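Chemist: One line per chain: the protein sequences are A and B, in this order.
The numbering of the first sequence is the working numbering, which starts it at 1 and goes up by one.
The numbering of the second sequence is the working numbering, which starts it at 1 and goes up by one.
Below is one structure. I have some questions about it.
Number of protein chains: 2
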Amino acid sequence: MSDTRTPLSRERIVGAALRVIDEEGVDALSMRRLAAALGVQAMSLYNHVDGKADVLDGVTEFITKDMQLPRHTEGGWEDGIRSVAHGFRRASLRHPRACELVLTRQLSSPHALPTINCSLTVLLDHGFDEAAAVHALRLLISFQVGSLLREFHSPAFKGEEESAVQERRARLEGSGFGAVAKLAPRLAVIDHEAEFTFGLELLIGALRAYAPQTQQTHRD
Amino acid sequence: MSDTRTPLSRERIVGAALRVIDEEGVDALSMRRLAAALGVQAMSLYNHVDGKADVLDGVTEFITKDMQLPRHTEGGWEDGIRSVAHGFRRASLRHPRACELVLTRQLSSPHALPTINCSLTVLLDHGFDEAAAVHALRLLISFQVGSLLREFHSPAFKGEEESAVQERRARLEGSGFGAVAKLAPRLAVIDHEAEFTFGLELLIGALRAYAPQTQQTHRD
DNA sequence: CTGTCTCGCTTACACCGTAAGTGAAACGTG
DNA sequence: CACGTTTCACTTACGGTGTAAGCGAGACAG
Chain A
1 MSDTRTPLSR ERIVGAALRV IDEEGVDALS MRRLAAALGV QAMSLYNHVD GKADVLDGVT
61 EFITKDMQLP RHTEGGWEDG IRSVAHGFRR ASLRHPRACE LVLTRQLSSP HALPTINCSL
121 TVLLDHGFDE AAAVHALRLL ISFQVGSLLR EFHSPAFKGE EESAVQERRA RLEGSGFGAV
181 AKLAPRLAVI DHEAEFTFGL ELLIGALRAY APQTQQTHRD
Chain B
1 MSDTRTPLSR ERIVGAALRV IDEEGVDALS MRRLAAALGV QAMSLYNHVD GKADVLDGVT
61 EFITKDMQLP RHTEGGWEDG IRSVAHGFRR ASLRHPRACE LVLTRQLSSP HALPTINCSL
121 TVLLDHGFDE AAAVHALRLL ISFQVGSLLR EFHSPAFKGE EESAVQERRA RLEGSGFGAV
181 AKLAPRLAVI DHEAEFTFGL ELLIGALRAY APQTQQTHRD
């Protein structure tokens with residue numbers, strides 16, 4: 001397994017860290033565990049990495065890197081925003097156990113800049129004024145981060161049995177809160193993809209008010 | 001300080017924990033540190049509390065508890081939603097260092113139910129059908145959580161000097177990303193309150209499409 | 001051959017959450 | 001009153017954590 005020849009490197013360390021996180025969760029990642037995965041002693045990592053925080057930074061950086069951005073001038077701004085948003089979500093979902101890092105650690109890190117720049121470019125190119133573009137950007141980021149966070153903390157995150165859904169539903173029904181009880185069947189089940197799309201499309205629709213020259217197409 | 005007479009209790013422990021977190025941050029809270037704050041040995045806490053996780057649960061519960069909810073039938077649904085949203089934000093801001101707990105830990109914990117129920121009641125009472133109410137609820141939660149998370153991770157969270165803003169602005173300008181550089185002056189400064197209100201009002205406006213009998217008032 | 005540099009190694013420290021058991025005070029019941 | 005029982009802070013100990021410090025073998029330049 002761990003070839004003694006191949007030398008350690010920040011890249012290899014981050015890769016191994018991501019692998020550990022994917023399989024065992026963020027909490028399972030310790031420097032010793034990580035070193036073991038590389039067939040090495042814990043302190044050896046420090047020759048290539050600044051500490052655990054640096055490893056985690058590397059992981060978030062890695063995940064952030066592989067979300068492809070739309071070439072921003074094709075299509076309307078709606079498609080551009082859609083593309084960025086779904087790309088962000090898809091990249092995060094590719095490493096479910098790791099994504100809380102991406103959402104939680106520096107949202108304004110240098111590595112997020114390409115994405116931010118892309119969104120801003122799309123908006124500016126289609127008639128949003130500067131203030132509106134910044135507001136819209138921040139709103140979209142908030143929505144995306146909040147959605148994904150909800151998604152990952154959702155009890156229904158991984159494939160769960162029907163029984164779990166029933167149990168949750170029963171708990172909601174007996175909660176003593178009228179509205180919650182009434183909507184228990186709907187609250188017990190979540191289609192995260194659909195929920196994300198619903199929110200995103202609603203936001204896009206609302207943002208149309210800030211893109212002056214687009215004189216509205218349809219809106220069902 | 002630590003009166004030897006007053007007995008330990010879950011309540012007192014949670015209170016002390018919140019105090020430690022407020023002053024030194026979540027990471028500074030250890031069972032030993034917490035015990036010391038109460039003039040007691042670490043293991044003594046375990047007579048009243050199930051472990052560290054339980055302490056943290058207690059803290060989030062405490063914060064969640066003191067956001068007052070509107071009596072849901074007065075005023076339009078817009079005011080109801082506004083009230084809940086701002087109440088949530090205000091309660092979170094009351095303990096800035098602790099709020100990542102509230103946002104991160106179980107969003108679907110029993111303690112969140114009163115708030116959820118309140119929002120749902122407001123929506124249902126004003127003509128939202130069940131599906132729309134659930135969608136709207138989830139959208140609002142996502143937005144709120146994302147907004148606050150952005151707010152707390154923002155480098156500009158605590159009162160910062162003008163110099164810091166200037167430096168950030170310079171960094172953005174020299175980032176090599178056109179749109180980011182152009183908007184650097186705006187991106188370097190954030191008015192979180194205004195940003196939150198902007199997003200909330202935009203959402204409310206968009207949700208009007210789902211409240212049939214309200215035939216629109218104004219919208220500037 | 002001899003520096004110097006690289007880099008994995010070992011050892012050690014301070015800290016963490018908590019399992020386990022001990023003993024003194026407080027209490028209900030005879 | 002005396003008696004078990006319960007409460008609850010205590011001490012000790014275990015297996016983990018991140019990482020500071022320094023060692024030593026090999027590679028490479030002069």
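Heads up, the beta-carbon is just placed ideally off N, CA and C, and yes, glycines get one too.
Everything numeric in this text was worked out from a predicted model, so none of it was measured.
(1) Mind checking which residues open and close the alpha helix (DSSP H) that includes V84/B?
(2) Going along chain B in order, which residues have a C-beta closer than 7 Å to the C-beta of S175/A?
(3) With a threshold of 16 other CB atoms inside 10 Å of the CB of M43/A, please say whether the residue is buried or exposed.
(4) Please check if any C-beta of chain A sits within less than 7 Å of the C-beta of S30/B.
(5) Taking 7 Å as the CB-CB cut-off, is S83/B touching chain A?
(6) S83/A and L148/A: beta carbons closer than 7 Å?
(7) If we count Cβ pairs, one from each stretch, closer than 8 Å, do we get three or more for the region 113-120 of chain A versus the region 171-182 of chain B?
(8) F189/B: buried (16+ other C-beta within 10 angstroms of its C-beta) or exposed?
(9) Please list the partners that G87/B has in chain A, where partner means a Cβ-to-Cβ separation under 9 Å.
(10) Using a beta-carbon distance below 7 Å, is R186/A in contact with chain B?
(11) With DSSP run on the structure shown, which of helix, strand or coil describes G174/A?
(12) Along the chain, where does the alpha helix (DSSP H) containing Q144/A start, and where does it finish?
(13) Give the straight-line distance between the Cα atoms of G76/A and L124/A, rounded to the nearest whole angstrom.
(14) Ordered along the chain, which non-local residues of its own chain (more than five positions away) have a Cβ less than 7 Å from that of A136/A?
(15) Would S92/B count as contacting chain A if we go by Cβ distances under 7 Å?
(16) Using a Cβ-Cβ cut-off of less than 8 Å, give me the residues of the region 6-32 of chain A that come near chain B, in sequence order.
(17) Which word fits R89/A, buried or exposed, when buried means at least 16 other C-beta atoms lie within 10 angstroms of its C-beta?
(18) Tell me whether P114/B sits in a helix, a strand or coil according to DSSP, three-state version.
(19) Along the region 46-79 of chain A, where does the CB come closer than 8 Å to a CB of chain B? Name the residues.
(20) Locate the alpha helix (DSSP H) running through M31/A, then write down its first and last residues.
(21) With DSSP collapsed to three states, give me the class of V189/A.
(22) Taking the alpha carbon of G146/B as the point to measure from, which residue in T104/A, G39/A, L8/A has its own alpha carbon closest?
(23) Under a three-way DSSP split, which group does D66/A fall into?
(24) Taking 8 Å as the threshold, find out whether the region 35-49 of chain B comes into contact with the region 62-69 of chain B through three or more Cβ pairs.
(25) Hey, could you find the ends of the alpha helix (DSSP H) A28/B is sitting in?
Modeler: On the basis of the data shown:
(1) 77-93
(2) L113
(3) exposed
(4) no
(5) no
(6) no
(7) yes
(8) One detail in the question is off: residue 189/B reads as Val in this sequence, not Phe. V189/B is exposed by the Cβ-count criterion.
(9) Residues of chain A passing the Cβ test: none, with the nearest at roughly 17 Å.
(10) yes
(11) coil
(12) 130-153
(13) 12 Å
(14) L123, F128, L207, Y210
(15) no
(16) none
(17) buried
(18) helix
(19) none
(20) 31-37
(21) coil
(22) T104/A
(23) coil
(24) no
(25) It is not in any alpha helix (DSSP H) - A28/B carries neither H nor E in the DSSP assignment.
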